[in-house]
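Worksheet: one structure, shown below.
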Amino acid sequence: MPRRLISTGSPFEKTAGYSRAVIDGDFAFVAGTTGYDYKTMVIPADITSQARNCFGNIEAALKEGGFAMADIVRATYYITDIADADAFFAVCGEIFGEIRPATTLLVVAGLYKPEMKIEIEVTAKRRTA
Numbered sequence: 002m003p004r005r006l007i008s009t010g011s012p013f014e015k016t017a018g019y020s021r022a023v024i025d026g027d028f029a030f031v032a033g034t035t036g037y038d039y040k041t042m043v044i045p046a047d048i049t050s051q052a053r054n055c056f057g058n059i060e061a062a063l064k065e066g067g068f069a070m071a072d073i074v075r076a077t078y079y080i081t082d083i084a085d086a087d088a089f090f091a092v093c094g095e096i097f098g099e100i101r102p103a104t105t106l107l108v109v110a111g112l113y114k115p116e117m118k119i120e121i122e123v124t125a126k127r128r129t130a
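Numbering-wise, the working numbering comes out as the position in the sequence shown, counting from 1, plus 1.
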């Protein structure tokens, strides 16, 4: 199966030369997902809404590649303010309740734009049975 590139239509993808997701065999790699609504390019001010947008964008990219959220085996979260961690983790609990991928949270000094509070990347493996 050839490598497949998936875009959400964000102008950042073309400008920076990256894909929202890369499908390679039974694996999907989704990266660079921030809290924007990529249809309107609007980003909410709060971490909870940004997180929900991130997960919605991740789910759409996975679905386009033939994967489901339940296929996620690894997630890395980058947040800009540790004070937002509990609110963010509450959203993670809703989304990943029984999926429970291996995860890492990093608190970073900043992301590409100051309004970005979070960035998420995930790896998914297609289930065969």
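For every residue, glycine included, the Cβ atom is placed at its ideal position computed from N, Cα and C. Values in this document were obtained by computation on a predicted structure and should not be read as measured data.
Nearest-angstrom beta carbon gap, residue j and residue i [assumed within contact, 8 Å]
i, j, result
"residue 76", "residue 104", "5 Å"
Residues near residue i in its chain [Cβ-Cβ closer than 7 Å; skip 5 each side]
i, result
"residue 55", "34, 35, 36, 119, 121"
Enclosing alpha helix (DSSP H) for residue i [first to last residue]
i, result
"residue 132", "Residue coverage of the chain in this structure runs from 2 to 130, which leaves residue 132 outside it and unanswerable."
Reduced DSSP secondary structure (H/G/I, E/B, other) of residue i
i, result
"residue 85", "helix"
"residue 119", "strand"
"residue 27", "coil"
"residue 33", "strand"
"residue 69", "coil"
"residue 76", "strand"
"residue 109", "coil"
Beta-carbon proximity check, residue i vs residue j, cutoff 8 Å
i, j, result
"residue 4", "residue 23", "yes"
Neighbourhood of residue i by C-beta distance below 8 Å, restricted to the same chain and skipping five residues each side
i, result
"residue 50", "36"
Same chain only: Cβ atoms within 6 Å of residue i, ignoring 5 sequence neighbours per side
i, result
"residue 115", "none"
Residue range of the unbroken beta strand (DSSP E) whose run includes residue i
i, result
"residue 17", "Segment 12-17 is the alpha helix (DSSP H) holding residue 17; no beta strand (DSSP E) there."
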